[in-house]
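J.: First the structure, which I've put down as C-alpha cells, then a few questions once you've had a look.
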Amino acid sequence: MKVTVMHAIQVLAAEDPAGLLAARQQMALSLGWHIILAAFGVAWPAMILVMHWRGVYRNDDVALNLAKRWAKVAAVLFAIGAVSGTVLSFEMGLLWPGLMGPYGDVLGLPFAFEGLSFFVEAIFLGLYLYGWGRMPPKRHLLMLVPMALAGIVGSYCVIAVNAWMNIPVGFRIEDGQVVDVQPWAVLFNPAAVLQFAHMWVAAYMVVGFIVAGVYAAGMLRGRRDRHHRLGFTVPFVFATVGALVQPFIGHILGLRIAEVQPAKLAAFELALETEKPSPLRLGGLLIDGEVRYAIDIPRLGSLIARNSFTEPVQGLETIPVADRPPINITHLAFQSMVGIGTLLFLAVLLFWFARWRRRDLLDNRWALRAAVAAGPLAVIAMEAGWIATEVGRQPWVVYDYLRTPDAASDNPQIWILLMATFVLYTGLTIGAVVVLRSMARRWRAGEEDLPSPYGPQDQGSVTTS
C-alpha cells in the first residue's frame with residue numbers, strides 16, 4: 001500500500017516514546033553548553049604552557065603574569081565543567097536506556113578512560129595552581145604537560161564514542177543480543193582519529209579567538225600596553241593555525257562521509273537527486289519537495305564531496321524516507337559551519353599578510369572589532385558543526401543498528417528534568433560571568449594574588465631550578 005511522506009511521518013511520530021522529544025532537547029542543551037567548556041579543557045592548557053614557558057625561559061614577567069591569571073580562570077571554568085560533565089554522565093543512562101542497556105559494555109572502556117583523564121587533569125591543575133612560589137620554576141612548568149595531555153585524551157575518548165555511533169565496530173548482534181565486544185576496536189574505530197582531529201582543531205579556534213577577543217576588547221577601550229598585546233597574540237596564533245588547517249581536515253572527513261553515510265552527505269549538500277557532476281549548493285531550503293533560494297556553483301559539489309570534478313553525490317531519492325535526516329536543519333547547520341570557517345580562514349590570512357607588510361592591524365579599530373566578533377563566530381561554527389553531525393545521523397543513534405526512538409526513555413516526566421537542567425545551566429552561566437568579571441575588575445585594580453577559590457596567595461618566588 002502506497003502512503004504519502006506526511007502520513008509516514010505521522011505514523012513514525014505516533015510510535016515515538018513519551019520521553020523522546022524531551023530527551024533530545026535536554027541532550028542538545030547539555031552538549032551545546034558543555035562543549036564550550038570542553039574546548040577550554042582541550043586547548044587552553046597548551047596556551048598557558050606556551051605563555052608560562054615564555055615567562056620562565058625568556059624572563060618575561062608579563063607572560064608569567066598572564067599564565068598565572070589564565071590558570072585561575074581555567075580553574076573556575078574547570079569547576080563549572082565538572083558540574084555539567086557530571087550531569088551529562090547521568091543523562092546518558094536516564095535519557096537513553098535503549099542505548100546504554102544493550103551497548104553499555106561496548107562503550108564502557110572509552111568512558112572509563114575519560115573519567116580517569118578528568119581526574120588527572122584536575123590533580124595537575126590543582127598542583128599547578130598551588131605551585132606558584134612553592135615549586136622550582138621549571139618543575140612548576142611541567143605540571144602543565146600532564147594537564148594538557150589529560151584534556152586531549154579525555155576528549156578523544158568522548159569523540160571516539162561519537163565516532164563509533166557513526167561507524168559502529170567491535171561487536172556482533174546474535175539473537176538480538178550484543179556479543180563478542182571488542183572494547184579496543186571501539187576506542188580506535190576508523191572514524192575516531194579524523195573526527196577527533198576536527199574537534200581538536202575547532203577547540204583551538206574557539207578558545208584562541210575567544211581569549212584573543214577579550215584582549216582586543218580591552219585594546220578598544222584604550223588598554224594598549226604589552227600585557228594586552230601579548231595576551232592577544234599568543235591565543236591568536238593558536239587560532240590562526242586552527243583556522244588554516246581546519247578546511248583540509250574537514251575535506252578529508254567529508255570524503256569518508258560520502259562512503260559511509262550518504263544520507264548525511266546528501267542533506268549537507270541539499271542533493272535531492274543524484275547529479276553527475278554535482279554542483280555546490282549555497283544556501284537554499286527544501287520547501288514542498290523543491291529546493292528554493294539556492295545558488296548552484298557547477299561541479300564544485302563533486303570536488304568538495306568526492307575529490308573529483310565528475311563523480312556524483314548520491315541523492316536523497318536513493319534513501320528510504322524513513323532513513324532520511326531532517327534535511328533543512330542539517331543543510332543549514334553544515335553551511336553555517338563551513339561559511340564561518342571560510343570567513344575566519346580569510347580573516348587570519350588578511351591579518352598576517354598585513355603584519356608581513358608591516359601594517360599593525362592592532363592599531364585599527366575595525367580590525368579589533370573583527371577580532372572581538374571572531375570568538376562568538378567560532379563558537380557558532382562549532383555548535384553548527386555538532387548539529388550537522390548529530391542531526392545528520394538521524395534517525396539513528398547507532399548508525400544502521402539502533403534508531404533514536406528505540407533508544408529513548410518512555411518516561412513522560414523527563415520534561416521536569418529538562419527544566420531543572422535549564423535552571424542549573426542558567427545559574428552556572430550567571431555565576432561564571434559574575435566570578436570572571438569580578439576577577440578581571442580586581443586585576444585591573446592591581447590585585448594580583450586573589451584569594452581562594454581563584455588560587456593560592458603568593459608565598460614568594462622560588463629561584464632554584
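Mapped onto this note's numbering, the consecutive letters of the sequence shown carry residue numbers 1 to 465.
Positions of the beta carbon are idealized from the N, C-alpha and C atoms, including for glycine.
All values derive from a computational prediction rather than experimental measurement.
1. Within the segment 306-368, note down every full alpha helix (DSSP H) run reaching 4 residues or more, in order along the chain.
2. Need the endpoints of the alpha helix (DSSP H) that D61 sits in, please.
3. Going by CA-CA distance only, name the one from L142, L300 and V87 that's closest to F309.
4. Run through DSSP, which three-state label would A191 get?
5. CA-CA distance, Y215 and F209?
6. Using a 10 Å radius around the Cβ and a threshold of 16 neighbouring Cβ atoms, would you call I173 buried or exposed?
7. With DSSP collapsed to three states, give me the class of G392.
8. Classify D363: buried if its beta carbon has 16 or more other beta carbons within 10 angstroms, exposed otherwise.
9. Helix, strand or coil for A112, going by three-state DSSP, please let me know.
10. State the start and end residues of the unbroken beta strand (DSSP E) segment that holds Q261.
11. If you count every other CB in all the chains shown that lies within 10 Å of the CB of W356, and 16 or more means buried, which is it?
12. The beta strand (DSSP E) that contains V178, what's its start and end?
13. Run through the DSSP bridge pairs and tell me what R281 is partnered with.
14. Would the segment 220-234 count as touching the segment 388-406 if we require 3 or more Cβ pairs under 8 Å?
15. Taking all protein chains shown into account, decide if P298 is buried (16 or more other Cβ within 10 angstroms of its Cβ) or exposed.
16. Using CA atoms only, rank isn't needed, just tell me which of L66, L417, V207 and G254 is closest to A371.
17. On the three-state DSSP scale, how would you describe E15?
18. Hey, how far is the Cα of S89 from the Cα of E114?
19. Identify whether L286 lies in helix, strand or coil by the three-state DSSP scheme.
20. Since I believe L316 is in contact with A266 (beta carbons under 8 Å), could you give me their beta-carbon distance rounded to a whole number of angstroms?
21. Please work out which residues of its chain come closer than 7 Å, Cβ to Cβ, to G131, disregarding the five sequence neighbours upstream and downstream, and give them in chain order.
22. What number of angstroms, rounded off, separates the C-alpha of R223 from the C-alpha of Y57?
23. Are the CB atoms of G41 and E121 nearer to each other than 8 Å?
24. For V348 and R359, what's the separation of their Cα atoms in angstroms?
25. Can you name, in chain order, every residue of its own chain whose Cβ lies under 8 Å from the Cβ of I319, other than the five neighbours on each side?
26. Quickly, what does DSSP pair I430 with across the bridge? List them, please.
27. Measure the CB-CB distance between P312 and G392 and report whether it falls below 8 Å.
28. Between which two residues does the alpha helix (DSSP H) carrying R172 extend?
29. Restricting to Cα atoms, I'd like to know which of I287, V169, V433 and I340 is closest to E383.
30. Starting from I36, trace the alpha helix (DSSP H) in both directions and tell me its first and last residue.
31. Below 8 Å on the Cβ atoms is my contact criterion, and I expect D410 with G19 to pass it. Report the Cβ-Cβ distance as a whole number of Å.
32. Within a Cβ cutoff of 6 Å, which residues of the same chain sit near A445, ignoring the five residues on either side of it in sequence?
33. Go through its chain and collect everything with a Cβ distance to I9's Cβ below 7 Å, but skip five positions before and after it.
34. What are the start and end residues of each continuous alpha helix (DSSP H) run of 4 or more residues lying completely inside the segment 111-149, in chain order?
35. Taking one C-beta from the segment 147-157 and one from the segment 45-62 each time, how about it: are there three or more such pairs within less than 8 Å?
36. Identify whether E269 lies in helix, strand or coil by the three-state DSSP scheme.
T.: So, from the data block:
1. Every alpha helix (DSSP H) of 4 residues or more that sits fully in the segment 306-368 is shown, in chain order, as 327-356.
2. Here the alpha helix (DSSP H) through D61 covers D61 to L95.
3. The residue with the shortest Cα to Cα distance from F309 is L300.
4. In the structure shown, A191 falls within a coil segment according to DSSP collapsed to helix, strand and coil.
5. About 10 Å.
6. Classification of I173: exposed, given that the 10 Å Cβ count is below 16.
7. G392: helix per DSSP, three-state reduction.
8. It is exposed - the Cβ of D363 has fewer than 16 other Cβ atoms within 10 Å.
9. Collapsing the DSSP output to three states places A112 in a helix.
10. Looking at the DSSP string, Q261 is not in any beta strand (DSSP E), and its letter there is neither H nor E.
11. W356 should be labelled exposed.
12. First-last of the beta strand (DSSP E) with V178: Q177 to V179.
13. In the DSSP output, where bridge partners are listed per residue, R281 has D296.
14. With a cut-off of 8 Å, the segment 388-406 and the segment 220-234 do not count as touching, because too few Cβ pairs lie within range.
15. Exposed is the call here.
16. Measuring from the Cα of A371, the nearest candidate turns out to be V207.
17. In the displayed model, E15 falls within coil according to three-state DSSP, outside both helix and strand.
18. Distance between the alpha carbons of S89 and E114: 11 Å.
19. L286 sits in a strand when the DSSP states are folded into three classes.
20. With a Cβ gap of about 5 Å, A266 and L316 count as contacting.
21. By the criterion of a C-beta distance shorter than 7 Å, G131 is surrounded in its chain by H140 and M143, once the five residues flanking it on both sides are discounted.
22. When rounded, the distance between both Cα atoms is 26 Å.
23. Yes, they are a contact pair.
24. Inter-residue distance for V348 and R359 is about 14 Å (C-alpha atoms, whole angstroms).
25. Contacts found: P262, A263 and A266.
26. None; I430 has no bridge partner.
27. Contact flag unset, no.
28. Counting along the chain, R172 falls outside any alpha helix (DSSP H), though it belongs to the beta strand (DSSP E) covering R172 to E174.
29. Shortest Cα-Cα distance from E383 to any of I287, V169, V433 and I340 involves I340.
30. Run containing I36: L20 to Y57, per the alpha helix (DSSP H) assignment.
31. About 6 Å; that satisfies the 8 Å criterion.
32. Excluding sequence neighbours, A445 sits near nothing in its chain.
33. Only weak support is given to the placement of I9: the predicted model assigns it a pLDDT of 36, under 50, and the value that follows is read from those uncertain coordinates. Hits under 7 Å: none found.
34. You should have 137-142.
35. Put simply, the segment 147-157 touches the segment 45-62. At least three CB pairs are less than 8 Å apart.
36. E269 falls in the helix class under three-state DSSP.
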